[in-house]
Amino acid sequence: MERAAFTSFVILADMRTGSNALEEKLNGFDRVMSYGEVFNPHFIGGAGKTELLGISLEAREKDPAAMLSRMRKATDGLAGFRLFSDHDPRAFQLCMEDTTCAKIVLTRNPADSYVSLKIARATGQWWLGDLKTARSAKAQFDAAEFEAYIEGLKRWQSAIQRGLQTSGQTAFHIHYDDLADRQIIEGIAGFLGAGAGRGKPPRRGKVQNPKPLSEKVTNFKEMERSLAARDPFELDRLPIYEPVRGPNVPAFVTASKAPLLFMPIKGARDDQLRQWLAALDDKAPDELETGHSQKTLRRWLRQTRPHTVFSVIAHPLERAHTAFCRHILPGGAEPYPAIRDALVRNYKLELPQSADDAGYDAKAHRAALGRFLAFLQGNLGGQTSVRVDGAWASQTAILQAMAQIAIPERLLRADRLAEDLSAIAKLHGASAPDLAAVPEFRIGLKDIYDAELEKLAQKAYRRDYIMFGFKTWTIGR
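Taking the numbering used here, the leading residue of the sequence shown gets 31, the next gets one more, and so forth.
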């Protein structure tokens, strides 16, 4: 399939990446006109400018789409502009949604761009037209500042990558070091579908700081040590193969008397909490307010003030055991027969024929739970054909999904529920009801716990152990 011709373009870059130089080179082609930083929050196009093509800064703020439309209509050829991470996010969204807008992604070694940015801020010189007006300064490297700078670049590049991937688009990627390569610049022109160049593109801007980093940084040795300690390949990064989840808003529970919103995590004392909320409201558990849509939930959040939004997390091993007993073992409260059959058939899980099978003892239960935990490691790692059910999905993934709608201001731990719930009730002038006892399974975790089960749980739920600081499970939690 032939792609549609581009009608505009955007240079996705950031400060001190060479975007001025790239823009000058592209403007040397017949059908290309790049208008600068059109969506900079402080000006339009260039420093001090408050109007472009008859559109004022105020009008651009009100309607960024109108600014984009005006550029396209006013340009004989391809209209473009430079867009940075701190520019109007609405413009970024509009461009990413427009498949006729070509994307050029410009990057630079972050150590170089960081130092260049520090020097530009120190001298106040962001562009150099002639060496005789050059101002000089040295940069002071700050490790924490550099780390924050890197994280900002990562967020920006991730947003660009995701925007391209989800819309099925591709971009022309160019590095700062490629800006002097005439053939690569002509390659961009070919990508855009631009006309021939007007001879050699004019180069008004000059390289500002051509010296090596060692001569531009006052504490270069410290910078070297700090960069050497970094993990450029992110070898310590936790790989995430678990599917992105929806927030599951219908499962959220609101009390009718107390201004409380409970966001349940399956298997993390969720039944116990529903009973507690019902007692607080002097109602039966099935009379609690559930089944919310995003619209009704937002209405509740607006109308119920002040309110407390909370959730509960449980130890990963305890929660996995709960899921196993509730959904996989015969006789469980909420059986998943299809998944159970798949586990027996494909993952060598040995289960009793019925709940009261006398031959199924603690030893057999321990072995079965171990196999289930091994399955969970593969399941959460995207290595099985079985769905990642909410009963055993990582609590990290579930909370991230919930945060799309509402962020729990209080994250309670299952082993401290009574005191934490009492504090929440007291906050809203209510008397906390007693917390119902946790139902015990025929063979409890305390009957089979050992270090090997803990290791298996840590392998399956590494993110949860790290994110929430879980230690080894102890009897009596």
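Backbone N, C-alpha and C fix where the C-beta goes; we use that ideal spot for every residue, glycine too.
Where does residue i sit, in a helix, a strand or coil, going by DSSP?
i	result
M508	With the chain running from 31 to 507 in the structure shown, residue 508 is simply not present.
M45	coil
H357	helix
E127	helix
F221	helix
A285	coil
A169	strand
A164	Its pLDDT being 49, under 50, A164 is placed unreliably by the model, and the measurement read from it follows with that caveat. DSSP places A164 in coil when its eight states are reduced to three.
F36	coil
V418	coil
E88	helix
V145	helix
V279	helix
E53	helix
L82	strand
F122	helix
E319	strand
E522	The requested residue 522 is not part of the displayed model; the chain covers only 31 to 507.
E272	coil
E380	coil
E245	helix
E29	Nothing in the structure corresponds to residue 29, since the chain is present only between 31 and 507.
For the beta strand (DSSP E) that residue i lies in, which residues bound it at each end?
i	result
R443	440-443
A137	The sequence shown places Thr at residue 137, rather than the Ala named in the question. Residues 131-137.
S341	338-343
R112	108-113
I204	202-205
V62	62-64
Evaluate residue i with the Cβ neighbour count: other Cβ atoms within 10 Å of its Cβ, from every protein chain shown; 16 or more gives buried, anything less gives exposed.
i	result
G159	Note that G159 scores a pLDDT of 44, beneath 50, so its modelled location is shaky and nothing firm can be said.
G66	buried
D386	exposed
D480	exposed
S384	exposed
G198	exposed
R46	buried
A285	buried
H117	buried
E348	buried
A150	buried
G48	buried
I85	buried
I204	buried
A178	exposed
A453	exposed
I505	exposed
Which residues mark the beginning and the end of the alpha helix (DSSP H) in which residue i is found?
i	result
F498	492-498
V374	367-376
R349	346-353
H395	392-410
F176	173-197
S256	250-258
S452	447-457
S99	94-104
D311	300-311
T426	425-432
L331	324-333
Using 8 Å for Cβ pairs, my map puts residue i next to residue j. What's the rounded Cβ distance?
i	j	result
R304	P289	R304 to P289, Cβ: 17 Å. No contact.
D18	W186	Lying before the first or after the last residue shown, residue 18 is absent from the chain, which here runs from 31 to 507.
F36	G223	6 Å
G110	V62	7 Å
R258	I343	Checking the sequence, you will find Ala at residue 258 rather than Arg. A258 to I343, Cβ: 37 Å. No contact.
A372	K296	Not really, about 19 Å apart at Cβ, beyond 8 Å.
V279	P438	That belief does not hold up - the Cβ atoms of V279 and P438 are roughly 14 Å apart, past 8 Å.
L52	L209	6 Å
A392	D477	5 Å
P573	Y491	There is no way to answer for residue 573, as the model of the chain reaches only from 31 to 507.
Is residue i a contact residue of the ligand PLP, with contact defined as CB to any heavy atom under 7 Å?
i	result
G223	In the structure on display, the ligand PLP does not appear, and there are no ligands present to speak of.
I want to know whether the segment 75-87 touches the segment 170-178 - three or more CB-CB distances under 8 Å.
no
Is it the case that the segment 391-401 contacts the segment 417-433, given that we only count it when at least three CB pairs across the two stretches are under 8 Å?
no
Would the segment 358-373 count as touching the segment 480-489 if we require 3 or more Cβ pairs under 8 Å?
no
So does the segment 83-96 actually touch the segment 128-140, counting three or more Cβ pairs closer than 8 Å?
no
Check whether the segment 119-136 and the segment 188-205 touch, using three or more Cβ-Cβ pairs below 8 Å as the test.
yes
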